[in-house]
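Per the working numbering, the very first residue in the sequence shown carries number 7; after that it's consecutive.
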Amino acid sequence: MLSSKVIHVDGVFLGAAILQEGLNTLRFYAAHESVRALHNACLPNLAALHTQVRRLFDMSRSRLMPQPA
């Protein structure tokens with residue numbers, strides 16, 4: 007592992023982006039159940055990875071929130 011970046015949304019730690027040696031890609035290590043579907047996903051850059059993680063996290067939160075009657 008060369009380096010890693012923490013990924014969090016609204017103060018919630020979701021996981022880490024790990025630079026893959028020799029591949030120039032980032033692999034996501036999911037630490038939060040809501041983004042487990044992206045565990046080990048590889049994306050080309052941190053912005054793309056963060057966007058995917060945030061989208062999945064936001065979808066998970068919206069499913070858990072009560073819907074207005």
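Glycine included, C-beta positions come from ideal geometry on N, C-alpha and C.
C-beta contact flag for residue i and residue j at 8 Å
i, j, result
"residue 63", "residue 12", "no"
"residue 23", "residue 55", "yes"
"residue 36", "residue 19", "no"
Residue environment, residue i, which counts as buried when at least 16 other CB atoms sit within 10 Å
i, result
"residue 28", "exposed"
Alpha-carbon to alpha-carbon, residue j and residue i
i, j, result
"residue 41", "residue 52", "16 Å"
"residue 26", "residue 69", "33 Å"
Extent of the continuous beta strand (DSSP E) to which residue i belongs
i, result
"residue 33", "32-36"
"residue 21", "18-25"
Contact with chain D by residue i, beta-carbon distance below 8 Å
i, result
"residue 32", "Here there is only one protein chain, and chain D is not present."
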